[in-house]
Amino acid sequence: MLVRMTSEPEQQIGVGTPDAFQRLWTPHRMAYIQGENKPSGPGADEGCPFCTIPAKSDEDGLVIARGEHVYAVLNLYPYNSGHLMTLPFRHVADYTDLNAEETVELADFTKRAMTALRTASGAHGFNIGMNQGA
281 MLVRMTSEPE QQIGVGTPDA FQRLWTPHRM AYIQGENKPS GPGADEGCPF
331 CTIPAKSDED GLVIARGEHV YAVLNLYPYN SGHLMTLPFR HVADYTDLNA
381 EETVELADFT KRAMTALRTA SGAHGFNIGM NQGA
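Going by our numbering, the first residue of the sequence shown is number 281, and it counts up by one from there.
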């Protein structure tokens, strides 16, 4: 499905029908890309949206769990239902920069999130990925 980037309502070209979260192209994310709801607060001036979340309330930051070294947060602009992220509190550019405690807790939070999503939504599969780099 192709979507024209205009200020007009979404225009589809080609085969397909609107189907919510069935495609990785997510037009609702354009609001974020265009600057809506950009993070503010500590860490925002460095350009890292995840550095601002821990200082917020769970409700304002969409935090669903906090540990000693990591936290789990819902994505404000999800690619699919149940899209959440587990992140270290400490800003690191690379997975190999995590210390042993952060690595263990990140893995544990990921497992717990999978269990919770299976229970809540009946999910049969997961796409677990990492974005690496500063």
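Ideal Cβ placement from N, Cα and C applies to all residues, glycine included. On a predicted model such as this, the values are computed, not experimentally measured, just so you know.
Where does residue i sit, in a helix, a strand or coil, going by DSSP?
i, result
"M333", "The sequence given here has Ile at residue 333, not Met. Helix, per DSSP."
"A345", "strand"
"A403", "coil"
"Y233", "Residue 233 lies beyond the residue range present for the chain, which begins at 281 and ends at 414; the question has no answer from this structure."
"Q291", "The predicted model places Q291 with a pLDDT of 49, which falls under 50 and marks its position as unreliable; any figure quoted below should be read in that light. Three-state result, Q291: coil."
"A373", "coil"
"L386", "helix"
"L397", "helix"
Have a look at the options and flag the residue whose alpha-carbon is nearest the alpha-carbon of residue i.
i, options, result
"D374", "Q412, A335, S401, M394", "Q412"
"A393", "F369, A380, C328, R346", "R346"
"F330", "G362, N360, V372, Y359", "V372"
"G409", "M365, P358, D338", "M365"
"C328", "T376, A403, L367, R398", "L367"
"F369", "N379, N360, S361", "N379"
"L354", "L397, G405, D377", "L397"
"G405", "I333, T332, G362, L342", "G362"
"N407", "D338, A335, N360", "N360"
Strictly by DSSP, which residues pair up with residue i?
i, result
"V350", "P368"
Discussion item. Check whether the segment 347-356 and the segment 378-396 touch, using three or more Cβ-Cβ pairs below 8 Å as the test.
Written reply: yes
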